[in-house]
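Novice: Supplied in structure tokens, the structure appears directly below.
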Amino acid sequence: MFAKRVNEIQPFRVMEVLARAAELEAAGHRVVHFEVGEPDFATAAPIVEAGRRALAEGHTKYTPATGIMPLREAIAGYYEAAGVAVATQRIIVTSGASGGLTLLAALLLDPGDELLITDPGYPCNEVFARLAGALPRPVVVGPNDQFQPQESDLLAAWGPHTRGALLASPANPTGAMLSRQRLHAICRALQQRGGFLILDEIYQGIYLQQHTAEYPTGLAVADDIYVLNSFSKYFGMTGWRLGWVVVPEAAADAVTRLAQNLFISPSTPAQYAALQAFSAEAQAIHQQRVDAFNQRAGLLVQGLQQLGFRIPVPPQGAFYVYVDISHTGLDSGEFCRRLLDEFYVAVTPGADFGSHDAGRYVRFAFTTDEASMRLGLARLQQALSAWGAA
Ligand SMILES: Cc1ncc(COP(=O)(O)O)c(C=O)c1O
């Protein structure tokens with residue numbers, strides 16, 4: 003009855019965790035949330051105020067498909083401040099990074115093509131490939147390689163139908179970043195194969211525990227890659243549904259035509275609000291939040307390690323820790339189910355992010371305040387004792 007691709011699409015398990023947590027909360031339990039992949043902070047006040055003003059001033063109609071020029075200029079200014087020149091016509095404003103992924107899949111993949119993605123990685127990536135009739139080809143990334151691929155991994159997975167790779171730095175679910183040297187080697191290898199690189203930089207700016215990116219954006223390493231970004235994470239605007247892509251100049255016209263036809267335009271009030279996202283006032287607020295994520299990362303990593311959990315690669319960015327739970331003797335799916343049902347702590351099983359070693363790992367998101375995190379750690383300790391795994 004439905005298209006075949008629908009059968010290939012896995013449910014987003016974190017949504018099931020959220021639904022079960024909501025049931026438990028409705029029954030009166032206090033659930034500690036480590037599963038939510040969005041900042042708990044509200045959008046910064048100057049952005050909200052600009053959004054209000056946009057509505058009051060009647061900015062409620064379509065805009066150009068590529069976004070309003072002042073916003074494209076502001077995004078270009080953001081790169082310029084980081085020392086990277088990007089022409090405004092290469093910047094296309096989208097409905098979140100999800101809109102950007104839709105556009106790039108439509109632009110770059112034909113039916114039967116293959117797209118290299120990482121396992122573990124962002125679960126929706128493969129769906130964008132399938133939407134274009136292409137096949138995702140997972141490349142296993144493990145702790146020995148800091149959960150990021152080497153160029154040799156990509157070349158080994160490269161087949162006759164492979165067209166390119168989609169990587170992320172910092173990555174979800176591991177918080178792992180690509181070093182300059184590794185990104186450079188990957189770009190060179192893909193170029194030799196005539197392949198493209200899409201680099202998801204949605205967690206750009208959220209750097210943890212003394213790590214800073216070795217480069218402000220992948221565009222500083224290679225100018226001809228496709229970069230995804232979003233106002234969702236660093237800028238705290240998940241629900242506004244706004245992001246952008248940067249494409250090579252030769253692709254700008256084709257992406258514009260796709261954007262016109264697929265989306266007409268991104269949200270108008272959100273675009274006017276986002277103009278304020280780059281103001282000094284909003285940036286100061288965003289930076290304070292990064293400081294808070296840093297505090298939380300320290301607390302969580304240390305707390306989990308003290309409980310005996312192994313964190314093979316502490317996160318360098320984003321707001322996730324990928325934790326090895328194998329010493330509990332439970333599979334990660336079972337671990338998550340029991341932790342939620344018996345101790346009211348919600349975390350996401352590794353199976354949401356891939357299949358390789360997924361039963362060994364769970365993702366903790368530190369998108370909750372420190373007091374709740376401490377409560378969650380105390381409950382984890384109780385769980386381990388109760389399960390005889392302490
Ligand atoms: C790595 C990655 N890419 C893309 C997205 C999509 O984000 P959005 O559409 O909100 O910009 C997410 C959301 O969690 C993500 O983690």
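Taking this note's numbering, the leading residue of the sequence shown gets 3, the next gets one more, and so forth.
Cβ atoms here follow ideal geometry from the backbone N, Cα and C, with glycine treated the same way.
Just so we're clear, the structure is a prediction, and the values are computed from it rather than from any experiment.
(1) What did DSSP end up calling T240 once you bin it into helix, strand or coil?
(2) Can you tell me whether Y124 sits near ligand 1, meaning its C-beta is under 6 Å from at least one heavy atom of the ligand?
(3) Within the continuous alpha helix (DSSP H) that includes S387, where are the two ends?
(4) DSSP has Y64 in a bridge; who is on the other side?
(5) Do V248 and V50 have their CB atoms nearer than 7 Å?
(6) Could you tell me the distance, in whole angstroms, from the CA atom of P317 to the CA atom of Y324?
(7) Taking the beta strand (DSSP E) that R32 belongs to, which residues open and close that run?
(8) Cα-Cα, which of L260, G79, L302 and R32 is closest to Q211?
(9) In this structure, how does DSSP classify I93 when only helix, strand and coil are distinguished?
(10) Of the residues E18, A187, P271 and L230, which one's Cα is nearest the Cα of G101?
(11) Which whole-angstrom value describes the C-beta separation of A367 and V38, a residue pair presumed to lie in contact below a C-beta threshold of 8 Å?
(12) Given that a residue counts as buried once 16 or more other Cβ atoms are within 10 Å of its Cβ, and exposed if not, what is S232?
(13) Does the distance between the C-beta of D202 and the nearest non-hydrogen atom of ligand 3 fall short of 6 Å?
(14) When DSSP labels each residue in this structure, what does R195 get in the three-state scheme?
(15) Taking DSSP as the reference, what is the three-state secondary structure of F14?
(16) What are the partner residues of I119, as DSSP defines its beta bridges?
(17) Put V86 into one of helix, strand or coil per three-state DSSP.
Specialist: According to the structure shown:
(1) helix
(2) yes
(3) E372 to A388
(4) The partner list for Y64 (beta bridge, DSSP) is empty, contrary to what the question assumes.
(5) no
(6) 8 Å
(7) No beta strand (DSSP E) holds R32; DSSP gives it neither H nor E.
(8) L302
(9) strand
(10) L230
(11) 6 Å
(12) buried
(13) Ligand 3 is not part of this structure, which contains only ligand 1.
(14) coil
(15) coil
(16) P140
(17) coil
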